[in-house]
Amino acid sequence: MKDLEKHSTNQCKILVASIRSLEQMMTLAAQGHVYFTISPSIAEELMNDDFTIKAVREFNEAALR
């Protein structure tokens, strides 16, 4: 599907759905997919990631300056 999108002349985008795990989403993202529908549990996993927590903290600190 990604190859079809890459070589297409239209502006349609692939929306990846039915993601079952964060690992599956990360694998697909590494392949170049950027649009996903995700479950609340996967969204929670993303928000509880150490890198996300650090990025939010740094953003909030920068916003206070």
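Heads up: the sequence shown at position 8 corresponds to 10 in the numbering used here, and the numbers run straight through without jumps. Glycine included, C-beta positions come from ideal geometry on N, C-alpha and C.
> On the three-state DSSP scale, how would you describe Val18?
Replying inline: strand
> Whole alpha helix (DSSP H) runs in the region 20-54 with 4 or more residues, listed along the chain?
Replying inline: 24-32 and 42-49
> To the nearest whole angstrom, what separates the beta carbons of Thr39 and Leu48, a pair I think is in contact under 8 Å?
Replying inline: Between Leu48 and Thr39 the Cβ distance is about 13 Å, and since that is not below 8 Å, they are no contact.
> Assuming Ile44 contacts Met27 under a Cβ cut-off of 8 Å, what Cβ separation, rounded to an integer in Å, is found between them?
Replying inline: 7 Å
> Between the C-alpha atoms of Pro42 and Leu24, what's the straight-line distance to the nearest angstrom?
Replying inline: 11 Å
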